[in-house]
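To keep things clear, I will list the structure first and then write my remarks on it.
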Amino acid sequence: MDAGTIALVQTLVNGALLGCLFGCIALGLTIKWGLLGVADFSHISLTVIAAYLTYTVAADVGLSPFAALLLTVPAFFLVGVLLQLGLVRIRAAVFTTLLITFGLFIAAESLVSLVWSSDLLNLRPTLPDALRQPLRLPEPLDRVAFQPVDLLSLVAALVMVGGSAYLLRKTRHGRALHAMHQDAAVAEVFGVRLVPLAVVVSGLAAASAAVSGTLVALKLSLTPTLSASWLGIVVVSCLLGGLGRPVGALLAAVLLMMVQNAWSLYLSPTWAPAIAYGVLFAYLGAAPLFRAVSTRMAATRPAAPRLAAPAATRS
Amino acid sequence: MPTRLRRPVAVIAACTVLGALLPVVTGTGYPVTLGFQFLVWVVLAVSWNVFSGSAGYPSFGHGVFFGIGIYTTSTLLTRTDLPLPVVVLLSGLVPAALAAAVGAAMFASPRFRGDLFGLVTLALAFIVATVVSNVDVLDGGRGVFVREAAAGTFLANDPVRLYLLALAMAVGTVLVALAIARSRWGTALTAIRDDEGVAESLGVSTYRYKVGTFAVSGGLAGLVGSPQAVYLGYIEVGAVFALSIPLFVVIMAILGGTTTWYGPVLGAALIVGARELLLDLGDPDLAQIVIGLLLVAVIVALPAGIGGLAGRRRVLRDAAQLRPRAVTR
Chain A
0 MDAGTIALVQ TLVNGALLGC LFGCIALGLT IKWGLLGVAD FSHISLTVIA AYLTYTVAAD
60 VGLSPFAALL LTVPAFFLVG VLLQLGLVRI RAAVFTTLLI TFGLFIAAES LVSLVWSSDL
120 LNLRPTLPDA LRQPLRLPEP LDRVAFQPVD LLSLVAALVM VGGSAYLLRK TRHGRALHAM
180 HQDAAVAEVF GVRLVPLAVV VSGLAAASAA VSGTLVALKL SLTPTLSASW LGIVVVSCLL
240 GGLGRPVGAL LAAVLLMMVQ NAWSLYLSPT WAPAIAYGVL FAYLGAAPLF RAVSTRMAAT
300 RPAAPRLAAP AATRS
Chain B
0 MPTRLRRPVA VIAACTVLGA LLPVVTGTGY PVTLGFQFLV WVVLAVSWNV FSGSAGYPSF
60 GHGVFFGIGI YTTSTLLTRT DLPLPVVVLL SGLVPAALAA AVGAAMFASP RFRGDLFGLV
120 TLALAFIVAT VVSNVDVLDG GRGVFVREAA AGTFLANDPV RLYLLALAMA VGTVLVALAI
180 ARSRWGTALT AIRDDEGVAE SLGVSTYRYK VGTFAVSGGL AGLVGSPQAV YLGYIEVGAV
240 FALSIPLFVV IMAILGGTTT WYGPVLGAAL IVGARELLLD LGDPDLAQIV IGLLLVAVIV
300 ALPAGIGGLA GRRRVLRDAA QLRPRAVTR
């Protein structure tokens, strides 16, 4: 294989694995947005805060970075619960939640910069060798390398996203959540306890941000503006994948990052940040077009004879 | 002039005279600079409200139109010899054209409402910022020195002239907002906010009103980008398209109340005052935390804003006197 192909494969693999990480971050947002009606920008901020907490536990306290999960997962579950209780209490509409969580997003960015300073922080030099030794793909592609941390992202994405998809589709509570999304009043009549369900889902979403945050701390250099730079890719993944569909968001994130990385390889990398938004605009612009075409196709199908019959008898 | 417009126009005229007297009283120092910033925010908040508040389509992209106005001015001043009035006018027309184009595409589909409309306008900000920082003629990522380019013009190195231009724009914007609010146009926008389907079925051509008003709103924001570019002197993409600008605009309008034409002015006054106090704390991060939490607090405590409080009291008073309020006009 020549060097150009290797470079392309390498950049696509990197993109796909980074996409897994973004899929983990998008998981909580897409479920909260699609099924609870809470467009939660602050979910991204929670991920960044979890990453910084992981950094503090590993670099300053000196424990394993994974020990941070013992603190962040329960703490963030509580944060998610409290946030949802607050939103339920003021009966926020989707757009109101967007405004509120946008305010929290802005405040969180400054909070991080105040507590941890705006310097770049990097956990990698302090990691054990097992987490730093690059791994290689099997034989025909053995010149393509990836980091053990990326493997962790892949596993986390498969477990968290797959698990959520299973819970949403196959379990009683998952179906209750879908019912609540379709019609809360009817769902309540059929015995769905709306507030506890929403509160627990919000807590779990926040807990998933804690896990993603630890992965972020292992993989990337931390700066307070990370949240703003992720906004595009995470939100676009949620919209492209279909709101409330964790697997869709993961696939969209993987695809977007692969496209973005391939773009940076061949064309100007300074344009790369706009790609996610460009794809979003193209998708949103094309969706009504697809719908128009499909309704036109449905309309031109021959009418069912049962519908045509009354007209015939009248004449 | 119709009676119903007499009082607001009198108030606006009085404020204009007082505003124009400010530089005479205080000289060219800090009050004029603060006054200039306040007037820019008034234009932004009121022009946001003209569309987003009135029609119930909250935009997170108002900073884009402002930013395009700023960059139109900087580009035309540094690259061409056009006279200043033309530059100022184009700084309004270019963002208005963009708003019209984006609006024409977006409002063709009923999907773009509420949260999705907010996000798409936010995405617009990121796209425009990426384009500006990559195109050398506009910025190219190095920033633009406007002060040197503006040296020979009417606005060169004169805070009072900048202030008076901003005052004229603010008064103009408020008059536009008032005219729209008290006309058929405003009624149509209110109908769109209350129930778009019903408005459409009653013969309001919602699409045209939305596209037109969005363009007016964007154009007014771009217009005030012109004095802002000269005021800043040096501009760069990160600061011009910062997320905090649309955030401030939304907070001002919501704090002041989106149902009245004067609400955003009150909101702008309160936020600019609060920001001056917060900057005295010495830490911009601390100020931003307070602003972010303030947005949350305002939405939770005062969903209709301060203007909403006044409006509700008037409705109650009118009801007590059993006087039918002119609803349509």
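So the sequences go chain by chain: A and B. Everything in the first sequence is counted per numbering that gives the first Met the number 0, starting at 0 for the first residue and increasing by one. Everything in the second sequence is counted per numbering that gives the first Met the number 0, starting at 0 for the first residue and increasing by one. The beta-carbon is built from N, C-alpha and C at its ideal position, and this holds for glycine as well.
On the DSSP letters alone, give me the boundaries of the alpha helix (DSSP H) that residue i sits inside.
i, result
"residue 156 of chain B", "Unbroken run through residue 156 of chain B: none, as it is neither H nor E."
"residue 76 of chain A", "67 to 88"
"residue 143 of chain A", "Looking at the DSSP string, residue 143 of chain A is not in any alpha helix (DSSP H), and its letter there is neither H nor E."
"residue 136 of chain B", "Looking at the DSSP string, residue 136 of chain B is not in any alpha helix (DSSP H), and its letter there is neither H nor E."
"residue 193 of chain B", "183 to 193"
"residue 13 of chain A", "2 to 30"
Taking all protein chains shown into account, decide if residue i is buried (16 or more other Cβ within 10 angstroms of its Cβ) or exposed.
i, result
"residue 105 of chain B", "buried"
"residue 84 of chain B", "exposed"
"residue 162 of chain B", "buried"
"residue 169 of chain A", "exposed"
"residue 5 of chain A", "exposed"
"residue 24 of chain B", "exposed"
"residue 147 of chain B", "exposed"
"residue 194 of chain B", "exposed"
"residue 191 of chain A", "buried"
"residue 272 of chain A", "buried"
"residue 195 of chain A", "exposed"
"residue 128 of chain A", "exposed"
"residue 118 of chain A", "exposed"
"residue 156 of chain B", "exposed"
"residue 278 of chain A", "buried"
Please compile the residues from chain A whose C-beta is within a distance smaller than 7 Å of the C-beta of residue i.
i, result
"residue 129 of chain B", "270, 272 and 273"
"residue 81 of chain B", "By Cβ distance, chain A contributes nothing, its closest Cβ being about 29 Å from residue 81 of chain B, past 7 Å."
Report the rounded CA-to-CA distance for residue i versus residue j, giving the unit in angstroms.
i, j, result
"residue 264 of chain B", "residue 9 of chain B", "16 Å"
"residue 11 of chain B", "residue 180 of chain B", "15 Å"
"residue 191 of chain B", "residue 177 of chain B", "18 Å"
"residue 81 of chain B", "residue 143 of chain B", "18 Å"
"residue 283 of chain A", "residue 242 of chain A", "13 Å"
"residue 40 of chain B", "residue 278 of chain B", "17 Å"
"residue 94 of chain B", "residue 253 of chain B", "23 Å"
"residue 167 of chain B", "residue 260 of chain B", "17 Å"
"residue 198 of chain B", "residue 16 of chain B", "40 Å"
"residue 127 of chain B", "residue 123 of chain A", "35 Å"
"residue 144 of chain A", "residue 15 of chain A", "13 Å"
"residue 61 of chain A", "residue 203 of chain A", "28 Å"
"residue 70 of chain B", "residue 38 of chain B", "19 Å"
"residue 308 of chain A", "residue 41 of chain A", "Caution applies to residue 308 of chain A, whose pLDDT of 43 falls short of 50 and renders its modelled position unreliable; the value that the coordinates give is listed next. If you take the alpha carbons of residue 308 of chain A and residue 41 of chain A, they lie about 58 Å apart."
"residue 135 of chain B", "residue 56 of chain B", "34 Å"
"residue 155 of chain A", "residue 132 of chain B", "36 Å"
"residue 305 of chain A", "residue 292 of chain A", "Low local confidence applies: a pLDDT of 47 at residue 305 of chain A is under 50, so the model's placement there is unreliable, and no value is given."
"residue 251 of chain B", "residue 99 of chain A", "14 Å"
"residue 252 of chain A", "residue 266 of chain A", "20 Å"
"residue 159 of chain B", "residue 18 of chain B", "11 Å"
List, in chain order, every chain A residue whose beta-carbon is nearer than 8 Å to that of residue i.
i, result
"residue 87 of chain B", "In chain order: nothing, as chain A lies at least about 29 Å away."
"residue 243 of chain B", "105"
Can you tell me whether residue i is helix, strand or coil according to DSSP?
i, result
"residue 233 of chain B", "strand"
"residue 112 of chain B", "coil"
"residue 93 of chain A", "helix"
"residue 244 of chain A", "coil"
"residue 125 of chain B", "helix"
"residue 143 of chain B", "strand"
"residue 219 of chain B", "helix"
"residue 131 of chain A", "coil"
"residue 163 of chain B", "helix"
"residue 62 of chain A", "coil"
"residue 219 of chain A", "coil"
"residue 136 of chain A", "coil"
"residue 75 of chain B", "helix"
So which residues on chain A does residue i lean against when the C-beta distance must stay under 9 Å?
i, result
"residue 156 of chain B", "Chain A residues near residue 156 of chain B: none, gap ~33 Å exceeds 9 Å."
"residue 263 of chain B", "What residue 263 of chain B touches in chain A: nothing, since even the nearest Cβ is about 16 Å away."
"residue 249 of chain B", "98 and 101"
"residue 133 of chain B", "267, 269, 270 and 273"
What residues from chain B crowd round residue i, counting only those whose CB sits closer than 9 Å?
i, result
"residue 234 of chain A", "118, 121 and 122"
Determine the chain B residues that contact residue i at a beta-carbon separation under 8 Å, and present them in chain order.
i, result
"residue 231 of chain A", "122 and 125"
"residue 183 of chain A", "Ordered by position in chain B, no residue passes the 8 Å Cβ test against residue 183 of chain A, which lies about 18 Å from the chain."
"residue 284 of chain A", "104"
"residue 93 of chain A", "113 and 114"
Can you pull the chain B neighbours of residue i, defined as C-beta to C-beta under 7 Å?
i, result
"residue 276 of chain A", "122, 125 and 126"
"residue 102 of chain A", "291, 292, 294 and 295"
Quick check: is any heavy atom of the ligand SAM less than 6 Å from the C-beta of residue i?
i, result
"residue 88 of chain B", "Among the components modelled here there is no ligand, and therefore nothing to report on the ligand SAM."
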